[in-house]
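Asker:
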Amino acid sequence: MQRIRVNAASSSYDVVVAGGCIERAAEEIQAVSGSRRIFVIADEGALAVLGDRLERSLAALNPTLFPIRLGEERKRLAVVEELAERMHRAGADRSAVVVTFGGGIAGDLGGFVAASYMRGVSFVQIPTTLLAQVDASVGGKTGVNLSSGKNLIGAFHQPLLVLIDPQTLATLPAQEYRAGLFEVIKHGIIWSPELFQVLEDQRDAVIAREPTVLEKIVADSVRIKASVVSEDERESGLRRILNYGHTLGHGLEAETGYRRLLHGEAVGWGMIAAGRLAESLGMFSATDRARAEQLILAYGPLPDLAGVDPAAVAARIHGDKKTIGGKVHFVLPTAIGKVEVIVNPAADKVLAATQAAFDVVARTAAAQ
Ligand code: GLY
């Protein structure tokens, strides 16, 4: 079992990473919440697979359970209101503790309910997808989408505790699992040559979800995220590096209507484009660029992008949250394990890198 401390400016909390820790959820939650009432916001999809284990383990806390159908199209303020009404009807007051259960959408949306209900109540995250375990559940970003863009309404609200049970990943659909692995690769490229090497050397064990290696890559990712968030909770500096692959990746997601790729797949593609851009700017050696790209493709395949216009994707970056005062912030690698933030790289180079990443995906698909 690994207990990783996040020391954010606004609060400190533990992230527990341990196979089977769901079974101990009641005692872990009670240790941080005492005898307060528990309200569980749980994705119906996660409940269908893991609900029995969750209900058995939380029974001692006598929780109120709110099953909810989720999906990107349901990550909206209307659903926040629906859940807040349900909490109020069930008698939740300011001492309520919300427990979120499910993937990134359950955590972001349920966390935002906690951030805003009665001006803020405590919450605990129990993420059940790889993407949520290695990224979304740690660091206190909560929120929902607007029709004009992802996560444009939200709040920083740190949880009391995050409980990560990598055993829950055994039943995750393969495409969703691989999509989460791109965020793990991101941690290797931005921070840790050692994690990068594990992903290179143990690809088959990682793909097979071998428990020991799985627990290691999840815990390493959480440790990296905890270090970054502990230094910069509000993304005024260092935390920007977590957006590696996200600038063009978000552009691709928006341009394809959030339907053609999972978020992690868009990040995988965005990291290829960012690697190409960094190489063309003379910041990243051809050898390291090729090594990073090979690792991303080894955990592919990335979805087919036929019919998507690279110029339209590149143009989307101007509507992104990472564009501040009209300036586009790009996180670009300088070596495996090291990145820098570059402001306003030349538009023709961004377009060329976007086109190159499209070509990489097309070539890989043709070779399969
Ligand atoms: N997912 C990026 C962050 O939490 O800052």
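In this text, residue positions in the sequence shown follow this note's numbering: the first is 6, and each later residue adds one. Don't be surprised by glycine CBs; every beta carbon is placed ideally from N, CA and C.
Over the uninterrupted beta strand (DSSP E) stretch that includes Glu3, give me the two end residues.
Answerer: Since the displayed the chain opens at 6 and closes at 373, residue 3 lies outside it and no answer follows.
Asker: Among Leu114, Tyr249 and Ser127, which residue has its Cα nearest to the Cα of Lys146?
Answerer: The candidate whose alpha carbon is nearest that of Lys146 is Leu114.
Asker: DSSP three-state label for Asp48, please.
Answerer: The answer is strand: DSSP assigns Asp48 an E or B state.
Asker: Return the CA-CA distance between Asn150 and Glu86, expressed in angstroms with no decimal places.
Answerer: Distance between the alpha carbons of Asn150 and Glu86: 14 Å.
Asker: Closest to Arg208 by C-alpha separation, out of Ala95, Phe187 and Gly148, would be which residue?
Answerer: Arg208 has its Cα closest to that of Phe187, out of Ala95, Phe187 and Gly148.
Asker: Check whether the segment 247 to 263 touches the segment 271 to 282, taking contact to mean three or more Cβ pairs, one atom from each stretch, closer than 8 Å.
Answerer: Result yes; three or more Cβ-Cβ pairs closer than 8 Å.
Asker: Taking the beta carbon of Ala295 as the centre, do at least 16 other beta carbons fall within 10 Å, making it buried, or is it exposed?
Answerer: Classification for Ala295: exposed.
Asker: With H, G and I counted as helix, E and B as strand and the rest as coil, what does DSSP make of Thr252?
Answerer: Thr252 falls in the helix class under three-state DSSP.
Asker: Over what stretch of residues does the beta strand (DSSP E) that includes Gln130 continue unbroken?
Answerer: It spans Ser127 to Pro132 - the beta strand (DSSP E) in which Gln130 sits, taken as one unbroken run.
Asker: Exposed or buried, Asp206, counting other C-beta atoms within 10 Å across all chains shown (16 or more means buried)?
Answerer: With fewer than 16 other Cβ atoms within 10 Å, it is exposed.
Asker: Does the Cβ-Cβ distance between Leu282 and Val355 come in under 8 Å?
Answerer: Going by C-beta atoms, Leu282 is nearer than 8 Å to Val355.
Asker: Within 10 angstroms of its Cβ, does Lys332 collect 16 or more other Cβ (buried), or is it exposed?
Answerer: Under this definition Lys332 is an exposed residue.
Asker: Assuming contact is defined by CB atoms lying nearer than 8 Å, are Val22 and Ala224 in contact in what I supplied?
Answerer: Cβ atoms of Val22 and Ala224: closer than 8 Å.
Asker: At a threshold of 7 Å, does Glu236 count as lining ligand 1 (C-beta to nearest heavy atom)?
Answerer: Not so, every heavy atom of ligand 1 lies at least 7 Å from the Cβ.
Asker: Against chain B, with Cβ distances strictly below 8 Å, would Gly287 count as a contact?
Answerer: Annotation note: the requested chain B is absent from the structure, which comprises a single protein chain.
Asker: Kindly indicate which three-state DSSP category Leu151 falls into: helix, strand or coil?
Answerer: Of the three classes helix, strand and coil, the one that applies to Leu151 here is strand, per DSSP.
Asker: Could you pull out every residue in the same chain whose Cβ sits closer than 7 Å to the Cβ of Gly144, ignoring the five residues on either side in sequence?
Answerer: Cβ within range, chain order: Lys230 and Val234.
Asker: Assign Arg61 to one of three DSSP states: helix, strand, or coil.
Answerer: Helix.
Asker: Under 8 Å between the Cβ atoms of Ala160 and Gly148?
Answerer: Going by C-beta atoms, Ala160 is nearer than 8 Å to Gly148.
Asker: Compare the beta carbon distance of Ala101 and Asp48 with 8 Å and say whether it is the shorter of the two.
Answerer: No, these two residues do not count as a Cβ contact at 8 Å.
Asker: Who are the Cβ neighbours of Val126 in its own chain at under 8 Å, not counting the five residues just before and after it?
Answerer: Excluding sequence neighbours, Val126 sits near Ala97, Arg99, Ser100, Ala101, Val102, Val103 and Ala119.
Asker: Compare the Cα-Cα distances from Ser226 to each of Glu215, Ile212, Ala316 and Leu204 and report the closest residue.
Answerer: Minimum Cα distance to Ser226 is reached at Leu204.
Asker: Could you pull the DSSP bridge partners for Ser38 from this structure?
Answerer: In the DSSP output, where bridge partners are listed per residue, Ser38 has none listed.
Asker: Going by alpha carbons, who is nearest to Pro350 out of Gln130, Val365 and Ala319?
Answerer: Ranking Gln130, Val365 and Ala319 by Cα distance to Pro350 puts Ala319 first.
Asker: Nearest to Ala367 by CA position, among Ala357, Pro306, Arg81 and Ile329, is which residue?
Answerer: Per the Cα distances, Pro306.
Asker: Could you check if Asn248 belongs to the surroundings of ligand 1, using beta carbon to heavy atom distance under 7 Å?
Answerer: Because some heavy atom of ligand 1 lies under 7 Å away, the Cβ of Asn248 counts as near it: yes.
Asker: Beta-carbon within less than 7 Å of Ala358's beta-carbon, same chain only, minus the 5 sequence neighbours each way: which residues are those?
Answerer: Closer than 7 Å at Cβ, skipping near neighbours: Ala278, Arg281, Leu282 and Ser285.
Asker: Should Arg41 be counted as a contact of ligand 1 given a C-beta to heavy atom distance under 7 Å?
Answerer: No, Cβ of Arg41 sits at least 7 Å from all heavy atoms of ligand 1.
Asker: How far does the alpha helix (DSSP H) with Gln299 in it reach, from first residue to last?
Answerer: Start and end: Ala291 to Ala303.
Asker: From this set, Val11, Gly342 and Glu199, which residue's C-alpha is nearest Val167's C-alpha?
Answerer: Checked all of Val11, Gly342 and Glu199; the closest Cα to Val167 is Val11.
Asker: Hey, how far is the Cα of His334 from the Cα of Ile347?
Answerer: Near 6 Å, if we compare the C-alpha coordinates of Ile347 and His334.
Asker: In terms of DSSP beta bridges, what is Val20 paired with?
Answerer: Looking at the DSSP assignment, Val20 forms a beta bridge with Ile9 and Val167.
Asker: Mind checking whether the beta-carbon of Asp170 lies closer than 7 Å to any heavy atom of ligand 1?
Answerer: No - ligand 1 has no heavy atom lying nearer than 7 Å to the Cβ of Asp170.
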